[in-house]
Amino acid sequence: MTNSRRITALAAALATAVSLGAAGAQAQASATAAESSAGSSAVAAPPAPGLRITRFLGEQRLPHRMRFRGTTVGGLSGLDRDPRTGTWYLISDDRWRYNPARFYTGRFDIHPVTGAFTGVNLTGVTTLRRPGGSSYPAYGRPRSADPETIRYDRWSRRVLWANEGDRPDAENPNIPVSDLSIRWTNSEGRYLGELPVPRNLKMTATTSGPRRNSGFEGLTSTERTIAAITEGPRYEDGAPPTVSRGAAARITVWGRDGRPRGQYAYPIDKLPAAPIPANGKSDSGVSELLAIDDNRYLALERSWIEGVNYKAKLYEIDLRGATNVLTRDSLAAGRPYRPVSKRLISDFGTVRPPLQNLESLAWGPRLRNGECTLVVGSDDNFDSNEATQFLAFAARGCDGR
19 MTNSRRITAL AAALATAVSL GAAGAQAQAS ATAAESSAGS SAVAAPPAPG LRITRFLGEQ
79 RLPHRMRFRG TTVGGLSGLD RDPRTGTWYL ISDDRWRYNP ARFYTGRFDI HPVTGAFTGV
139 NLTGVTTLRR PGGSSYPAYG RPRSADPETI RYDRWSRRVL WANEGDRPDA ENPNIPVSDL
199 SIRWTNSEGR YLGELPVPRN LKMTATTSGP RRNSGFEGLT STERTIAAIT EGPRYEDGAP
259 PTVSRGAAAR ITVWGRDGRP RGQYAYPIDK LPAAPIPANG KSDSGVSELL AIDDNRYLAL
319 ERSWIEGVNY KAKLYEIDLR GATNVLTRDS LAAGRPYRPV SKRLISDFGT VRPPLQNLES
379 LAWGPRLRNG ECTLVVGSDD NFDSNEATQF LAFAARGCDG R
């Protein structure tokens, strides 16, 4: 990479390490599943204390609408790392506003001893291809794609990415239905197949199935399973979060044979603050999922609230003991169910304010002292008032990785 494309380091040390430790202590003391689970659900017992963030390693940013190999960089909504080569994968949710659906590759400089996070370099860009080899249609056209998350699957050495899909709603009545999907691709962007999506997650043009902008937002994999989470509740599962009530998203788990094994309710928190004005808009849900092991995941919850800006928290969740709701049409009515349990790891509002639109989450390299590294990234929405930001942390309790 040329020096003009190398992103210079911002300060690598922050006083916020102290406040992160305080958040971790609070997380050990209490679980939040009871606060945010849907009213019809039973509350699962919190998992035993596990992952904890130990220190902040640094921040990097990319320039707004940076040009790279004929593309405009932005909208980076997912990232992951190939542990064999050290290559990072970053997916853009741009839908032909600037360029077709695509992912980038890059290098992140994290010192193996100190953990200091000192640089981000892009090294390549790849257009995602449909089964016939063409690029995906633009926003508002049939069978367009809304890429929201990406994983490098180290067990198959393939790339897996999720498309949130699209559908009409009251504010956008002319948008055609485009089903959400989870698709395999190679390093050249060639289509290699996809996972079957459960019938209850089919997009429709009616008040059923996933809402607009509430399809697959998070994706992760282990040696035995693949899992994806919807950003928010289906119509049948209740209303989106408010200041007085949480909501239920769905985590779908597939076996390595490609068959859905189960589906579990994730209790989204209540809105952390009221919009300003009181009738203002909000958008709150799960923006990423990251496996610790076959049963425990990290979940990134992110809210945008008019007049308040962004809020984001990191939780450790556990599927053990949760009810399999794969065959349930509604989580808002019917017999009780047990959601996944959740435990607060960190409130990101204490790191580098103002908080950005945090949407991506990935494991970085393990440090020589045994600490794991965790990288959180933001989607700037191609908005000059927001930033493409990467935050790196050291962590313990990640032995499953």
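Just so you know, we're using our numbering here: the sequence shown kicks off at 19 and counts up by one.
Glycine included, every Cβ here is placed at the ideal spot set by N, Cα and C.
- In the three-state DSSP reduction, L97 falls in the strand class (E or B).
- Straight-line measurement puts the Cα of G236 at about 7 angstroms from the Cα of V304.
- The alpha-carbon separation between L108 and W202 amounts to approximately 15 angstroms.
- With 16 or more other Cβ atoms from the protein chains shown falling within 10 Å of its own Cβ, S302 counts as buried.
- G298 is classed as exposed because its beta carbon has fewer than 16 other beta carbons within 10 Å across all chains shown.
- A distance below 7 angstroms between beta-carbons, with the five flanking residues on each side excluded, links A405 to the following residues of its chain, in chain order: R79, Q374, S396, D398.
- Look at R87 here: in three-state DSSP terms it is coil, with no helix or strand label.
- Bridge pairing for S321: S302, K329 [DSSP].
- As DSSP reads the structure, Q78 sits in a beta bridge with F408.
- Residues of the same chain with a CB within less than 7 angstroms of the CB of T141, apart from the 5 flanking positions on each side, are M19, T123, G124, R125 in chain order.
- Where V143 is concerned, the enclosing beta strand (DSSP E) starts and stops at 135-145.
- Following the DSSP letters along the chain, one finds A188 in no beta strand (DSSP E), marked with neither H nor E.
- Classified as buried, I71 has 16 or more neighbouring CB atoms from the shown chains inside 10 Å of its CB.
- A direct Cα-to-Cα measurement between R386 and P285 gives close to 36 angstroms.
- Counting along the chain, the unbroken beta strand (DSSP E) around V394 starts and ends at 390-396.
- Burial of R113 is indicated by the presence of at least 16 other C-beta atoms within 10 angstroms of its C-beta.
- Assignment of D255 by DSSP, reduced to helix, strand and coil, places it in the helix class.
- Contact between the stretch 130-139 and the stretch 186-203 is absent: fewer than 3 CB-CB pairs across the two stretches fall below 8 angstroms.
- Short of 6 angstroms from the beta carbon of A292, and not among the five residues preceding or following it, lie these beta carbons of its own chain, in chain order: V261.
- Per DSSP, the unbroken beta strand (DSSP E) holding N181 starts and ends at 176-181.
- Nearest in C-alpha terms to D111, of all of L337, G264, G96, G418, is G96.
- Counting C-beta atoms within 10 angstroms of its own C-beta, R161 has fewer than 16 neighbours from the protein chains shown and is therefore classed as exposed.
- Put simply, the backbone Cα of G227 is about 26 angstroms away from that of A309.
- For T270, the enclosing beta strand (DSSP E) begins and ends at 265-273.
- In this structure A223 is exposed. Its beta-carbon is surrounded by fewer than 16 other beta-carbon atoms within 10 angstroms.
- Within the same chain, D255, G256 come within 6 angstroms of A350 by CB-CB distance, once the 5 residues on both sides are set aside.
- Note on N181: 16 or more other CB atoms within 10 angstroms of its CB, so buried under the neighbour-count rule.
- For V326 against I363, the beta-carbon gap comes to about 22 angstroms, at or over 8 angstroms, which does not count as contact.
- Cβ-Cβ distances below 8 angstroms link Y328 to R320, S321, W322, P372, L373, Q374, N375, L376 in the same chain, with the five nearest sequence neighbours on each side left out; the list follows chain order.
- In this structure, DSSP gives R217 a helical state, which the three-state scheme calls helix.
- Within the DSSP bridge table, the entry for L379 names V394 as partners.
- Nearest Cα to R277 within the set K220, L316, P216: P216.
- Take the alpha-carbon of K331 and the one of F366: they are about 6 angstroms apart.
- Nearest in C-alpha terms to F74, of all of F400, S402, I193, T391, is T391.
- Burial state of P214 is exposed, judged by a 10 Å Cβ sphere holding fewer than 16 other Cβ atoms.
- In this structure, the CA atom of V143 is about 24 angstroms from the CA atom of D184.
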